[in-house]
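Counting in the numbering used here, the sequence shown runs from 123 upward without gaps.
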Amino acid sequence: MIIVREVAQLRQAIAERRQLGTNRAKAEYGSAAIQQHTVGFVPTMGYLHEGHASLMQKARELSDTVVLSIFVNPIQFGPNEDLDSYPRDEARDLEVARREGVDIVFLPTVAEMYPQPTRTKIHVSALTERLCGASRPGHFDGVTTVVAKLFNMVNPDLAFFGMKDAQQVAVLQQMVTDLNMNVTIVPCPIVREADGLALSSRNVYLSAEQREQALVLSQSLRKVREVSEDAVQNSFTIGQIHQMVESTITSSPLADIDYIEILTFPGLEPILAEQRLSDVQEDIIVALAVKFGNTRLIDNIRLQKAEVLSHV
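In structure tokens, the structure reads:
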């Protein structure tokens, strides 16, 4: 495993790997025509957990070379957010990367990524105005800008992102499409603890009581899945599903709801509250953001139209 901290070193290491030939990328991701060495990229902010490991595993499966970046990106944090206290453990992260067969780890400093004040930012409209974008203004501009910079540095064929942040996946897919970027976004499933809590680097902030009560997030989403799979309950309206999720979460005294939204995916368009689940003609996402103390957790479930119709 090669560890690099400068952009020039990163580009040289990738160029050397690309000379090796062979192609593992699967046709299902539109890469059948790629005849050169395939590079898979996993961008992270570090403090790696098994969710990140699952991205590396998928990248290892589909790519000849796996590149991992670890960079806590300051421009996606708001003035009152946890940039300074965001958990970091470089030694542990490198062990995880080595275990998962990563070929190149990029560990830049802020000065390497932003050697001068950034006057150019990428803004994806509409998709960033809901969910986390509504409560974290400027957040997604920071995400799209740093990811675009990383794509230019790595020049990957495939880039792997977890569906826990489904809005991020939708925003990045839109950016790639709109700007004709030569990379395919590969969404990967949410990884959960045995009790259902979605893995997150921020989970370490939770007290024992907060962590126990945070299980209402996955419990509420599990109820949504049960409704979608029941031929009778499938006729529930979007408003009824929203109410069911809200009542489950508010059963936790420590839960402070930021948002509960039911939207189309990946367009993130609102759905009329009176519309029946079985009548929605697109994939649906039920997305949550809830604070426990000072820790803000997100979670979601995606209902694919074909799955819903199969239970009607």
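For each residue, glycine too, the CB sits at the ideal point set by N, CA and C. Keep in mind it's a predicted model, so treat the numbers as computed, not measured.
By the criterion of at least three beta-carbon pairs nearer than 8 angstroms, the region 161–174 is in contact with the region 185–192. Contact annotation: R127 and T187 have beta-carbon atoms that are not nearer than 9 angstroms. In the structure shown, K413 adopts extended strand secondary structure according to DSSP, grouped into three states. Rounded to the nearest angstrom, the gap between the Cα atoms of V246 and G223 is 34 angstroms.
Boundaries of the alpha helix (DSSP H) harbouring A219: E212 to R221, taken from the DSSP string. As for any alpha helix (DSSP H) of minimum length 4 sitting wholly inside the region 234–293, the runs are 254–257 and 261–276, ordered along the chain. Looking at the DSSP output, S191 bridges to P165 and F228. Here P209 carries a coil assignment [DSSP, helix/strand/coil]. Nearest C-alpha to G255 among I125, Y381 and N422: Y381.
In this chain, the alpha helix (DSSP H) harbouring T370 covers I360 to T372. In the structure shown, the three-state DSSP call for R418 is strand. Looking at the DSSP output, P309 bridges to F283. In the assembly as shown, K180 is a buried residue. Its beta-carbon has 16 or more other beta-carbons within 10 Å. Going by C-alpha positions, R344 is about 16 angstroms away from A411. Collapsing the DSSP output to three states places R398 in a strand. I393 carries a coil assignment under DSSP once its states are collapsed to helix, strand and coil.
DSSP lists L385 and R424 as the beta-bridge partner residues of I407.
Distance between N416 and L142, taken at the CA atoms: about 48 angstroms. Close CB contacts of L399 within its chain, under the 8 angstroms cut and outside five residues either way in sequence, are with V349, S350, N356, S357, F358, T359, I360, I363, I406, L425 and V430 (chain order). With fewer than 16 other CB atoms across the displayed protein chains lying within 10 angstroms of its CB, G200 is exposed. Residue range V129 to R140 is occupied by the alpha helix (DSSP H) that includes I136. Here the alpha carbons of P239 and G260 stand approximately 16 angstroms from one another. The three-state reading of DSSP puts D380 in strand, counting E and B together.
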